[in-house]
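What follows is a set of notes on a single structure, which appears directly below.
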Amino acid sequence: MRALHCLLLLGATACASAASQSTTAPSPARDSAHVDAERGALSVPNADPFPSTYKPFPSRTTVIRNVNLLTAAGPMIRNGAILLQDGKIAAVGATVNAPADALVIDGGGKYVTPGIIDDHSHLGVYAAPGVNALSDGNEATNPVTPQVWAEHSVWPQDPQFPRNLAGGVTTLQVLPGSANLIGGRSVVLKVVPGRTVQEMKFPGAKYGLKMACGENPKRVYGNRGGPQTRMGNVAGYRAAWIRAQDYRRKWDKWNADHKGDPPTRDLGLETLAEVLRGNILVHNHCYRADEMAQMIDIAHEFGYKVRSFHHAVEAYKIADLLAKEGIAASVWADWGSFKMEALDAVRANMALINHAGARVIVHSDDPSGSQRLNQEAAKGMEAGAEIGLPVSEDEAIKWLTINPAWALDLDDKIGSLETGKNADVVLWTGDPFSVYSKPEKVWIDGALLYDRLDPSEQWRTDFELGFVPLTGTNR
Amino acid sequence: MISNRLKLTAAIALVAATAPGLEAQTVAITGGKVYPVSGPPIENGTVVITDGRITAVGANVAVPAGAQRIDATGKIVTPGFVNSATQLGVQEVAAVGDTRDASARGKDEIAAAFTVWEGLNPNSVLLAPARKAGITSFVVMPTGGLVAGQAALVDVVPGTTTDMIIRAPVAMIAEVGDPQSAGVNARGELIVKLRELLEDTKYFQAHRDAFDRAQTRPFAASRLDLQAMIPVVEGRLPLVVNVDKEADIDAAMRLARDYNIKLIIGGGAEAWMMADKLAAARIPVLTGAMNNIPSGFATLGQRQENAALLRKAGVQVALIGNAGGGDEEAFNVRNLKQEAGNAVAYGMSWDDALRAVTLAPAEVFGVADRVGSLQAGREGNVVVWSGDPFEFTTRAERVFVRGREYHDTTRQDLLVDRYKNLPASHNLPGAH
């Protein structure tokens, strides 16, 4: 049942209608229009009213040597080394030139990978403890809520964040839940301590839009105004995109000529218009093959792209179509059977998608699974081997790193061990695809943020103080 | 075409024995590293199964004439794994009410008379994936309410539920974690309600005649529920109390002391905080090794080292899934080995982890004379692994249940066959 957790709803809010999100922007003077636009006062492309205030944590130049490097950008480098300097990967190879002041870590034959990226998380929006007061992931008041932004629900003190970091996860996409056809904007976070969500936001990351197919929306809204059926779902998406096209046209015209009063702003349509402009990436929860094919047609009809289908337990049935369309599949290794649309889950899903040439992403949708994405990938590898489609570690590491980085359009910054990329790096106690291996140290932008060997240095959220006993104590 | 149809037929039965029709037969598994669990590992050991039961285990065991020889050189041989808490067989699709038979309505949150195995579906498509992963026995457990009902231990064999049962009941199940789901408001009140049930059971037992003459005061539970509780208050049937919070575990232990109940703790997120007390009271714990999230105010101390810390203190530990992707959902019973591997990663010895998925659950549920170890007289539940059973790359290459070998073709296997080469092969008439 936990697989349905993102549908947990507060009964009290049932059927409340969404408040009007429309406001009329004041007529701006020409000179201030640009600034206002960036702050989001106008409905213009790439507005950023809640800008990231993330600053990398203090770091020192570090060399990790005598390690096996799974780079996600080529074959494994055995007994190699990596240099982290000024927050970036400065060198990686069989040997690196270490500056005299560098901290040198002898990896003793252990493994190094890029930081893991989970493109399907609800951390912060479904925080622990899982009480109603912290259940902020589904604005289940209307089946179409593109006006809500996940970041406005994220609780930075969610004790699940440090546990994810200890699982080697350095970047998360936090999504709204799947109650709604269109659930709202996602946010991309670095897994770092912060007083505010802005301090965790990945600078420059695009927003995502959460959409959901199938059983969830019709179950949630079936008895309160609909949609009640899958055909109702599709009518709902199309109606929303029609409104979005109209809105975009009006604003694009006004932004070009600034003639007369600006059109009335609408937060939801603003988000959808950004999808149509290609500035927001679509992440579509969709289990069944036939529904994914329909969602692809809808995307063609309105001229947007689906970046990744999430859960996609039947992706293996249309892996050729996903490859042709350039759509990734964000999947579990072996969840299935918990509802009808999950019935045809197969463990070989990852290997079959991979074999067809589409992008595989190992995702979690779960705060426990997110800590062990490496183990989920290992199951997918083994399932491939069993059906004669073996997957190498060099390939499987991409499922955890560069592929989700691509899904977030951040593959130029993170997701592989290559010179110039952000120094998001994990040192594992052993082969990351072994059940016995754990992250030993985790760096984000070159700063050591987790060290399994030093509990006193481990991040504890405000909530944990006093409530959660320290590891290594009897109480 | 014909071969495909045959394949399908075989698969629908989800069973394909290697030597059909040979009821009386002897199998000798030779050359492997044998882990009897009840004794030290044996290099180059032999396991002999005759007519469904293990007849010999050792380094210098002669292979009987006419025995089917299985070469396990370079492999690991263990007892079939035992999953000690699952809804396998009584829940096919969690979100479809029609397929959920693990929770009784009961009366006032008490359903002690509920025998969950009566609703077990021997044709569940989820059984084959479990057996294919080396799980040969499981405890089918009811859930919900205050007293959920009775659990049974079954083998994964074809036939009817009657054929599958090793022992029923093996335990009564109570849920003491959440007052709301027990129909009360406060944790203390929940204990009061349980205490009232135990008191009434004893009174009912002592005044049966008066009850039948309708000369007793009203009871907190129905006649059949009280009847079902008698073996619990007599200390014959263990009571599994699913409970996480330290204070609740303590309360359950007090109750068990007061009524001489044979207590088993299920879940036990914070059990590590009182490991010494549990060890001293000889109370076993069913728990996992893949959850560390303070998911509620009753599980603030949840950590992955729980199982290892308990074992270190001397507590009998059986591993169950308790985290995302774990085996508490019927579909992923097969992930028991991942739970064991993680237990090792978080401090349990490898031998103890193996024990926690074989002999420990058998002992906890009183069936160690039947399953859970490799020794003469036990059921022929044996698995030959290609390597370390807990590793992802390892397969359960040969799976024997009661001496019969199974090569399961699961529903998933059929789907993969169909879609491995896209667009798809649907085996339609005339299709090539």
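If you read the sequences in order, they're chains A and B.
Note that the first sequence covers residues 19 to 493 in our numbering.
Note that the second sequence covers residues 70 to 501 in our numbering.
Where is the CB? At the ideal position from N, CA and C, for every residue including glycine.
Test item: CB-CB of residue i and residue j under 8 Å
i	j	result
S434 (chain A)	T447 (chain A)	no
A414 (chain A)	A395 (chain A)	yes
F469 (chain B)	L222 (chain B)	no
L267 (chain B)	V225 (chain B)	no
P147 (chain A)	P363 (chain B)	yes
R325 (chain A)	L294 (chain A)	no
L285 (chain A)	Q165 (chain A)	yes
V192 (chain A)	Y129 (chain A)	no
E411 (chain A)	A91 (chain A)	no
G101 (chain B)	A141 (chain B)	yes
D294 (chain B)	A220 (chain B)	no
S206 (chain B)	V440 (chain B)	yes
T163 (chain A)	I107 (chain A)	no
A240 (chain B)	L157 (chain B)	no
A333 (chain A)	A347 (chain A)	yes
Outcome for residue i when other beta-carbon atoms lying within 10 angstroms are tallied against a minimum of 16
i	result
V413 (chain B)	buried
M249 (chain A)	exposed
E474 (chain B)	buried
D278 (chain B)	exposed
A18 (chain A)	An answer regarding residue 18 (chain A) cannot be provided, because it is not within the stretch 19 to 493 covered by chain A.
D396 (chain B)	Model confidence at D396 (chain B) stands at a pLDDT of 41, short of 50, so the residue's coordinates are unreliable; what they give is reported in the following sentence. Buried is the call here.
V453 (chain B)	buried
H301 (chain A)	buried
S418 (chain B)	exposed
G394 (chain B)	Its pLDDT being 38, under 50, G394 (chain B) is placed unreliably by the model, and the measurement read from it follows with that caveat. G394 (chain B) is buried by the Cβ-count criterion.
T530 (chain A)	Nothing about residue 530 (chain A) can be reported from this structure: the residues present for chain A run from 19 to 493 only.
S196 (chain A)	buried
A47 (chain A)	Residue confidence is low: A47 (chain A) scores 43 on pLDDT, short of 50, so the model does not pin down where it sits. No coordinate-derived value is stated.
Residue i at chain A interface by Cβ criterion, 8 Å
i	result
E460 (chain B)	yes
Y104 (chain B)	no
S193 (chain B)	no
P211 (chain B)	no
P110 (chain B)	no
Y488 (chain B)	yes
N375 (chain B)	no
I145 (chain B)	no
Neighbouring residues, chain A, relative to residue i (Cβ below 9 Å)
i	result
V413 (chain B)	V453 and Y454
N254 (chain B)	Those within 9 Å of N254 (chain B) in chain A number zero; the least Cβ separation is about 17 Å.
F366 (chain B)	P147, V149 and F485
N329 (chain B)	Under the 9 Å cutoff, chain A gives no residues; its nearest Cβ is about 30 Å from N329 (chain B).
Span of the beta strand (DSSP E) around residue i
i	result
V223 (chain B)	V216 to D224
N302 (chain A)	I298 to C304
D124 (chain A)	L121 to D124
M229 (chain A)	Y225 to A230
H138 (chain A)	I134 to S139
V329 (chain A)	Per the sequence presented here, residue 329 (chain A) reads as His, with Val not at that position. Here the beta strand (DSSP E) through H329 (chain A) covers V324 to H329.
Y475 (chain B)	R473 to Y475
Contact with chain B by residue i, beta-carbon distance below 8 Å
i	result
K128 (chain A)	no
K224 (chain A)	no
D352 (chain A)	yes
L370 (chain A)	yes
E400 (chain A)	yes
N-terminal and C-terminal residue of the alpha helix (DSSP H) that residue i is part of
i	result
G398 (chain A)	L391 to E404
A376 (chain B)	N375 to K381
R78 (chain A)	Segment: none, R78 (chain A) is in no alpha helix (DSSP H) and carries neither H nor E.
I260 (chain A)	R248 to D275
Under 7 Å from the C-beta of residue i: neighbouring residues of chain A
i	result
Q481 (chain B)	V364 and R365
Q407 (chain B)	Q393 and V453
N360 (chain B)	S386
Chain-ordered neighbours of residue i on chain B, where CB pairs are closer than 8 Å
i	result
R83 (chain A)	Ordered by position in chain B, no residue passes the 8 Å Cβ test against R83 (chain A), which lies about 25 Å from the chain.
Per-residue contacts from residue i into chain B (C-beta, under 7 Å)
i	result
Q396 (chain A)	Just to set this straight, residue 396 (chain A) is Ala in the shown sequence, not Gln. Result: F461.
D429 (chain A)	Residues of chain B passing the Cβ test: none, with the nearest at roughly 27 Å.
P211 (chain A)	Per Cβ cutoff of 7 Å: no residues; P211 (chain A) is ~17 Å from chain B at best.
C-beta neighbour in chain C for residue i, strict 8 Å
i	result
Q175 (chain A)	You won't find chain C in this structure, because its protein chains are A and B.
Per-residue contacts from residue i into chain A (C-beta, under 8 Å)
i	result
N401 (chain B)	D352 and W353
Chain-ordered chain B contacts of residue i [CB-CB under 9 Å]
i	result
Y334 (chain A)	L484, V485, Y488, K489 and L491
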